[in-house]
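Residue numbers (my numbering), protein chains in the order written: chain L, 7 to 414; chain A, 7 to 414; chain V, 57 to 311; chain U, 57 to 311. As structure tokens, the structure follows; a few thoughts come after it.
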Ligand SMILES: Cc1ncc(COP(=O)(O)O)c(C=O)c1O
Ligand SMILES: Cc1ncc(COP(=O)(O)O)c(C=O)c1O
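Written out as structure tokens, the structure reads:
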């Protein structure tokens, strides 16, 4: 193995021998790209012409006034093509795939966002595309499945395991060990074996690079705190990377689900239910039992209910560089409502976790401060979940009528 | 009346006397804003921090290769906040409302896009907001209604008339004549009494200004042709405005529905079913019978099935400056599929009309040429319509299951 | 001429009543009976509305009457034929009320010629401010018909005067903001608005929008020349039916 | 020592057979009967897989056996107890097979100590390449246990040699790309891969992934030392049941 990518004990590459050569090839391609002064330029120019980077930083004037605390700024990853920061990662990996001369991509998806982003990238680059999706997620996220298929991807339901995101990852690996010569596995977050955590963070660092410059331009100084939700950790690492060497507090917000005591959550870095382990190819904090079997997770946000977390974040937690908090499902809905009504923004349920913590802390900060929240995605894809969460009776009527039409 | 806004016989302000003073105030505020050198700057800076302007122009490499004709460029209004060019207009009018010191906005909506955009703007500016929506549209566009309500707007179903867009416009006027002191009516397209056509086009001209510069940078020369779909005409006027004085062919594409001979379409400028008339406050081509009663319209794209059309476009048609074509529902679905699979872009059904005509003409142009298509909005809001149009069985199953869950 | 007729009638009565019906609603036949009953009851003038699919300035009651008439098959041709029969049958002034597109599609000249021939006295076109009415004004004048324009509480004094300069027969004063059929408060504010209107013109004044009962009419007595019962007419038809007792006692109840 | 045992057995037989079962599948009791039947049938070595919730390198058949075992309540504690009973009962070498997290959570040292005490000979950990196995290698060595590492067709020659340097007992050659249970073609390509493996190490070679019948074993005879029947073992159990006739005739059918 060329390189195993450790972050003070977290990370590594716990991979079947059959994949070692593929990983070596990937590490090599990635290193060459990173060292090629044109590559980042090619990447940013693709992102600015195909997506709409730089995405803006929006000053949340009404929320600022309401909390009477710091100026609140929001980094608008929701404005990316396909509606989330996921686009940054997939387009970057797409460029690498082109460099490696491969013709097919596979990906796992839970919420469906990464699947749609990958299918989009594949259409754009002319790659064949297969998306693995746990059957449970596939049922929940049908709208995203619809778009993946329309974009030309094959969506394969994963019927094994708990039939959710982690099982889709396992299945994607199984595909990969069979087709690694032609195929690249586009992992969706800063997890998995090296070089994925580094590589995904590298592409997502475009968020932080832009954001730092933008907030300096807008506010004339650094924010006191930066907030991001943490599923696998890619959007958080993306924005944090811009402020890593600055005197800026970095706050990652995990899915608190029904409460950290309830067992129904997906908090790996601020609950007692997680421990260090090795799975899906890397070492990090996992929600697992004492035998090492992975636990069920829960979050209102499909994109946050993953059992593992980026090894880079595990390291940053232990190093004390990033603070982790949890937001409950209920708090998330409240923050979402508030943000919609005050600012006309619709954060994804995932992103709304970051808003929760920012709103909790805003009143305790001074008006000299400013804070920055990463709005990793837009919420309008979550309409089925959000409408259910708010139990909107008119929505239910609409769906019932639609269904009646289909029965006829 | 200060000014009536005529375009060679089209336009005017056929308004009830009670509104004359309100229109005079609006004309005045708009003129002052236009003459204020800071205003456009304030507008573009709002659009760049709240939405993501300039929206990119994307080179459609795969489509270009496929048609073996001109280089195909796409202006990405789909990347706007709320997913369509409608944001440009509402945010601009929002700034005017602030200048006029009003505290409440109302709007009509058909497809729901303009309603969501207005509700968003109102949240952002802290205005009270009421949206009028024909009952038929409201039933069809429930997802957008859901978001409008969540954004804090009151959505009022219009039960009178044909219960679609034009009736919602009438109802909004009825509200306005009652509350004009506090209220501004945010008309959604370049129609209605003066100054709306001019004002809406003015705000939408940001599309054309950007696009001209972008395509010159990218392609080094002007496009041969520019394509835009035409509902009320705002996105078309927006992009056309950038090329009005250039040797560039401008092509507006209307909803051909089930065919121009079928009577089921919404083509006012290239069918024989329309005639010049006066309704909803202005003079233009309307789909009306010989008595002057408005006809039913049809389009697969809810945003294009309006009976009237911008008086500016009627003028540009007569002047021969803009050519008009129609795209049928079926052609639209084909163009949509192709664009998704080849480029990873999901145009709104409205926008897909422009793609149809561009694809028809591309093979007849030389590789020396380039063409520009305005992707006025994104299609993922149209999932219910698109899934139905493609009769996706898995989608139907999903909806049925959802409904069963609600019955339980 | 309409104006002199109104002045003559006002010599006899403290206030005149103008009612409003939508042609073809509930049906042409019933409409004829309503007019008959109203004329018998002593109504002084009547507005005959040709229904339009986009009645932007009408409130819900009249709006629905427009729609119902159209749904029942009321065409412009049927409406004008009916109006001609009515105008030839009853000896009070009738005016057309409709939206501009109806006149425009019919042909302004043809429309005016018809009115003159049929004996209608003038027209109220709520979506046609005088600025847009150049052709209309000329043609109405050619046929000696009264174009009745509208004052509103939001109209500034100078504009009141210029509107008055275009109007013939009388001026229609919209009582308040809003659409027909909503509540008007008959108060001092309304009074001072009427005074403004009075100062702007020597033409007779009609006041409409929300006039619904004897108290309202009493309030208007000696302030304006004509009280317009618009929405309330349609409501009465809806409630009492065509042959209803109150329909026949109409004027008595109001004056 | 495992290696010398294998060499000794190979002195007697042209090829050895190693089978694979998932502990707790279909149940511990049935597992015991399966082992008993297999040992009776002359199996030479056995892999005992401790089930893991994320068996990333296993194909569908073994994956489902892992899940079923966990769903039936197979804990690591139960698995090791069972393995101890088996190792003490039957006189062939048993190896643990599992994913690294199982060892890691149990404690590497505790795990190895247990194996040594219970009489298991070594372990195969498919998601632990030697680079990640520093602690594991040391501890296995401390307890004189065999860490069995894996060769794959995509492994370059230099790497084959360095893997072999870490492996004890034998090396497990993955026959091809893909996961267990898919089809392997027993052809010249496989042969030249085996030759590469041979050149890289003096250790005995086991070959697995897709070995399913007598023809496959015949192909491997005299090319490798051990044929590994993994997925096919589980399939047999699924199909024939624990007491099935073929189960008892196991080795006869294959050799
Ligand atoms: C909008 C959005 N935000 C956040 C996440 C979580 O992923 P990560 O932690 O890698 O940013 C997801 C995952 O699907 C997502 O869709
Ligand atoms: C995406 C999109 N494009 C186009 C239109 C048509 O409007 P216009 O012709 O004013 O651009 C609409 C209207 O809703 C729309 O939503």
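Even for Gly, the Cβ is constructed at its ideal location relative to N, Cα and C.
Scan the region 129-153 of chain L for residues whose Cβ lies nearer than 8 Å to a Cβ of chain A and list them as they occur along the chain.
Of all residues in the region 129-153 of chain L, only 129, 130, 132, 145, 148, 149, 151, 152 and 153 place a beta-carbon less than 8 Å from a beta-carbon of chain A.
Who are the near neighbours of residue 210(U) in its chain, counting only those whose CB is closer than 8 Å to its CB and skipping five residues on each side?
In the fourth chain, counting from the first residue as 1, residue 210(U) sits at position 154. Once the five neighbours on either side are set aside, the close Cβ partners of residue 210(U) are 233.
With DSSP as the reference, please indicate the residues paired to residue 105(U) in a beta bridge.
As a working mapping, residue 105(U) is identified with position 49 in the fourth chain. The bridge partners DSSP lists for residue 105(U) are 78(U) and 153(U).
Where residue 242(L) and residue 103(L) are concerned, what is the direct C-alpha to C-alpha distance, given to the nearest angstrom?
If you number the first chain from 1, residue 242(L) lands on position 236. If you number the first chain from 1, residue 103(L) lands on position 97. Taking the straight line from one Cα to the other gives about 24 Å.
Buried or exposed: residue 67(U), going by 16 or more other Cβ atoms within 10 Å of its Cβ?
By one-based count along the fourth chain, residue 67(U) stands at place 11. It counts as exposed.
What does the alpha-carbon distance come out to for the pair residue 216(U) and residue 287(U)?
As a position in the fourth chain, residue 216(U) is number 160, starting the count at 1. As a position in the fourth chain, residue 287(U) is number 231, starting the count at 1. One C-alpha to the other measures close to 25 Å.
Does DSSP classify residue 62(L) as helix, strand or coil?
Within the first chain, residue 62(L) is the residue found at index 56, counting from 1. In the structure shown, residue 62(L) sits in coil (DSSP, three-state: anything other than H, G, I, E or B).
Listing by chain order, which chain V residues have their CB less than 8 Å from the CB of residue 279(A)?
Translated into the one-based positions of the second chain, residue 279(A) becomes position 273. Residues of chain V passing the Cβ test: none, with the nearest at roughly 14 Å.
For ligand 2, is there any heavy atom lying closer than 8 Å to the beta carbon of residue 120(A)?
Counting from one through the second chain, the residue named residue 120(A) turns up at place 114. Residue 120(A): yes, Cβ under 8 Å from ligand 2.
Any idea if residue 245(V) is buried or exposed, counting beta-carbon neighbours within 10 angstroms, 16 or more meaning buried?
Your numbering for residue 245(V) matches position 189 in the third chain. Counting Cβ neighbours within 10 Å, residue 245(V) comes out exposed, since fewer than 16 surround it.
Should residue 81(U) be flagged as near chain L, meaning a C-beta pair shorter than 9 Å?
The count along the fourth chain starts at 1 and reaches residue 81(U) at position 25. False, the Cβ-Cβ gap to chain L never drops below 9 Å.
Quick one: give me the first and last residue of the alpha helix (DSSP H) that residue 324(A) is part of.
Counting from one through the second chain, the residue named residue 324(A) turns up at place 318. It spans 317-324 - the alpha helix (DSSP H) in which residue 324(A) sits, taken as one unbroken run.
Report yes or no: is there a C-beta of chain A within less than 9 Å of the C-beta of residue 245(L)?
Mapped onto the first chain, residue 245(L) falls at position 239. Output row for residue 245(L): interface = no.
Using C-beta distances below 7 Å, list every residue in its chain close to residue 323(A), excluding the 5 sequence neighbours before and after it, in chain order.
As a working note, residue 323(A) is residue 317 in the second chain. Cβ neighbours of residue 323(A) beyond the five flanking positions: 275 and 330.
Using a Cβ-based criterion (distance less than 8 Å to any ligand heavy atom), does residue 310(L) qualify as near ligand 1?
Stepping through the first chain from its first residue, residue 310(L) is reached at position 304. Yes, Cβ of residue 310(L) sits closer than 8 Å to a heavy atom of ligand 1.
Under a three-way DSSP split, which group does residue 10(L) fall into?
Here residue 10(L) is taken as the residue at index 4 of the first chain, counted from 1. In this structure, residue 10(L) counts as coil in the three-state DSSP scheme.
What does a CB cutoff of less than 7 Å around residue 72(V) pick up in its chain, not counting 5 residues either side in sequence?
Counted from its first residue, the third chain places residue 72(V) at position 16. The residues are 62, 65, 66, 100, 101, 281 and 282.
Where DSSP assigns a beta bridge to residue 81(L), which residues make up the other side?
Along the first chain, one-based indexing puts residue 81(L) at 75. For residue 81(L), DSSP records a beta bridge to 63(L) and 380(L).
Tell me which same chain residues have a C-beta within less than 7 Å of the C-beta of residue 128(U), skipping the five on either side of it?
Within the fourth chain, residue 128(U) is the residue found at index 72, counting from 1. Counting only Cβ-Cβ distances below 7 Å, and skipping sequence neighbours, we find 80 and 83.
Please state if the CB of residue 59(U) and the CB of residue 186(U) are separated by a distance shorter than 9 Å.
Residue 186(U) sits at position 130 when you count from the first residue of the fourth chain. Residue 59(U) sits at position 3 when you count from the first residue of the fourth chain. Cβ distance not < 9 Å, so residue 186(U) and residue 59(U) don't count as in contact.
For residue 283(A) and residue 290(A), I'd like the C-alpha separation in whole angstroms.
Position 277 of the second chain, counted from the start, is the residue given in the question as residue 283(A). Position 284 of the second chain, counted from the start, is the residue given in the question as residue 290(A). Their backbone Cα atoms lie some 6 Å apart in a straight line.
Does residue 185(V) come within less than 9 Å of chain A when only Cβ atoms are used?
Stepping through the third chain from its first residue, residue 185(V) is reached at position 129. True, the Cβ-Cβ gap to chain A drops below 9 Å.
Residues in the same chain with beta-carbon distance under 7 Å from residue 213(U), minus the five sequence neighbours each way, listed in chain order, please.
Position 157 of the fourth chain, counting from 1, holds the residue named residue 213(U). So the list reads 252 and 256, once near-sequence residues are dropped.
Exposed or buried, what is residue 43(A) when buried is set at 16 or more other beta-carbons lying within 10 Å of its beta-carbon?
Walking along the second chain from the start, residue 43(A) turns up at place 37. With fewer than 16 Cβ atoms within 10 Å of its Cβ, residue 43(A) is classed as exposed.
For the region 190-197 of chain A and the region 145-155 of chain A, state whether three or more C-beta atom pairs, one from each stretch, are separated by less than 8 Å.
no
Can you name the start and end residues of the alpha helix (DSSP H) that residue 268(A) belongs to?
Mapped onto the second chain, residue 268(A) falls at position 262. Judged by DSSP secondary structure, residue 268(A) falls outside any alpha helix (DSSP H); it is assigned neither H nor E.
Taking only the alpha-carbon atoms, compute the straight-line gap between residue 392(A) and residue 238(L) and give it to the nearest angstrom.
Looking up residue 392(A) in the second chain gives position 386. Looking up residue 238(L) in the first chain gives position 232. Roughly 32 Å separates the two Cα atoms.
Is residue 235(A) close to ligand 2? I mean its beta-carbon at under 8 Å from any heavy atom of the ligand.
As a position in the second chain, residue 235(A) is number 229, starting the count at 1. Answer for residue 235(A): yes, Cβ within range of ligand 2.
For residue 359(L), is the beta carbon positioned less than 8 Å from some heavy atom of ligand 4?
Ligand 4 is not part of the structure shown, which contains ligand 1 and ligand 2 as its ligands.
Are residue 409(A) and residue 408(L) close, meaning C-beta to C-beta below 9 Å?
Against the second chain, residue 409(A) aligns to sequence position 403. Against the first chain, residue 408(L) aligns to sequence position 402. In terms of Cβ geometry, residue 409(A) and residue 408(L) form a close pair [threshold 9 Å].
Alpha carbon to alpha carbon, how far is residue 148(U) from residue 162(U)?
Start at 1 with the first residue of the fourth chain, and residue 148(U) comes out as number 92. Start at 1 with the first residue of the fourth chain, and residue 162(U) comes out as number 106. So the two alpha carbons sit approximately 25 Å from each other.
Apart from the five residues on each side of it in sequence, which residues of its chain come closer than 6 Å, Cβ to Cβ, to residue 212(A)?
Residue mapping note: residue 212(A) aligns to position 206 of the second chain, counting from 1. Excluding sequence neighbours, residue 212(A) sits near 94.
Hey, could you find the ends of the beta strand (DSSP E) residue 229(U) is sitting in?
The sequence position of residue 229(U) within the fourth chain is 173, counting from 1. First-last of the beta strand (DSSP E) with residue 229(U): 227-230.
Hey, could you find the ends of the alpha helix (DSSP H) residue 391(L) is sitting in?
Position 385 of the first chain holds residue 391(L). Element bounds for residue 391(L): 389-395.
What residues in the region 55-67 of chain A have a beta carbon less than 9 Å from any beta carbon of chain L?
55, 56, 57, 58, 59, 60, 61, 62, 63, 64, 65 and 67
Kindly examine ligand 1 and report whether one of its heavy atoms sits closer than 8 Å to the Cβ of residue 356(L).
Along the first chain, one-based indexing puts residue 356(L) at 350. Yes, ligand 1 has a heavy atom inside 8 Å of this Cβ.
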